[in-house]
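Trainee: Taken in order, the sequence shown gives residues 1 to 140; the numbers are from the UniProt record's numbering. Glycine included, C-beta positions come from ideal geometry on N, C-alpha and C. Only a predicted model underlies this, so the values are computations on that prediction, with no experimental measurement involved.
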Amino acid sequence: MRTTRAGTISPDDRKVHVTQSVSTIFQFRAIDWGMEHCELHVVIPPMDRPTTLALYRLNATVPVDISTLSFNVRPPRVAKLDNIVLGQDSSNWYRKLSCVTDDVLVFELGCSEDESSGSCDIEWWQAHKDTAPGQCSTTL
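1) With a threshold of 16 other CB atoms inside 10 Å of the CB of isoleucine 66, please say whether the residue is buried or exposed.
2) Cα separation between glutamate 123 and lysine 80?
3) Just to confirm my understanding: we take arginine 74, look at its own chain, exclude 5 residues before and 5 after, and list those with CB closer than 6 angstroms. What are they?
4) Using a Cβ-Cβ cutoff of less than 6 angstroms, which residues in the same chain neighbour valine 22 once the five nearest sequence positions on both sides are dropped?
5) What's the gap between the Cα of aspartate 82 and the Cα of threonine 19?
6) Let me know the secondary structure DSSP gives asparagine 83 once reduced to three states.
7) When DSSP labels each residue in this structure, what does arginine 74 get in the three-state scheme?
8) I'd like to confirm the pairing. Which residues does DSSP put opposite glycine 110 in its beta bridges?
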């Protein structure tokens, strides 16, 4: 992570990690003037066992400061967008959202409350140049 005059630049490859006690927060800024419609795509590689993740919209109007981010200071959840059921086929979930220029859109990907304790533990690296997700591992 480095800061420039244009803003913060994240690493090209990002680790996505979700367990019962860890979630992944991701954020975007809408920069196209006059579009007013955004699409969020969540593409997840195949899993060796079924897992259900929950996707939430968080209440944030400014970018989240990742240097101080923790569970206790994360923006509150304002809406559960969906449960995403993972299995042996890759998942390609998407939703259209309204957005205006310069909106900050912040989301949290975590284990669904429907998952039994200990059954939700996944991680993968999302490669910047690939539209398909990278390698995935699950832990039993």
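Mentor: Working from what's here:
1) Counting the other CB atoms within 10 Å of its CB gives isoleucine 66 a total below 16, which places it among the exposed residues.
2) Distance between the alpha carbons of glutamate 123 and lysine 80 is about 21 angstroms.
3) So no residue of the chain qualifies.
4) Excluding positions up to five away in sequence, the list is empty.
5) Straight through space, the alpha carbons of threonine 19 and aspartate 82 are spaced by roughly 17 angstroms.
6) Of the three classes helix, strand and coil, the one that applies to asparagine 83 here is strand, per DSSP.
7) If DSSP states are grouped into helix, strand and coil, arginine 74 belongs with coil.
8) DSSP, once it has assigned bridges, lists Ala54 as partnering glycine 110.
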